[in-house]
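Residue numbers (the numbering used here): 534 to 625. Heads up, the thing below is written out as structure tokens.
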């Protein structure tokens, strides 16, 4: 999955949408929106992230994801040793 399209900042017209905000506030919001957009595009164009997203969105993976969840009989969190052991088993 490769995302392309118009990636021009859309926060430029923030002043017209929020006239009560100060210019410093508007600039901060505009910078945050632009940074979030750049981060999202970077993630979507990252091959490892794309592969992980495709893997977890596959309906066949839901069973494996549920198996990784906490045991319904216990409410205790999984300790680090158990988590590392399960990760090692699933990575083989």
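Glycine residues also receive a C-beta, built at the ideal position from the N, C-alpha and C atoms.
- Taken atom to atom, the span from the alpha-carbon of residue 558 to that of residue 584 is near 37 Å.
- The same chain holds no residue with a CB closer than 6 Å to that of residue 619 once the five nearest residues on each side in sequence are set aside.
- Less than 7 Å separates the beta-carbon of residue 582 from that of residue 576.
- Between residue 597 and residue 588, the gap from beta carbon to beta carbon reaches 7 Å or more.
- DSSP places residue 611 in the coil class of the three-state scheme, outside both helix and strand.
- Residue 623 holds the alpha-carbon nearest to the alpha-carbon of residue 601 among 614, 623 and 580.
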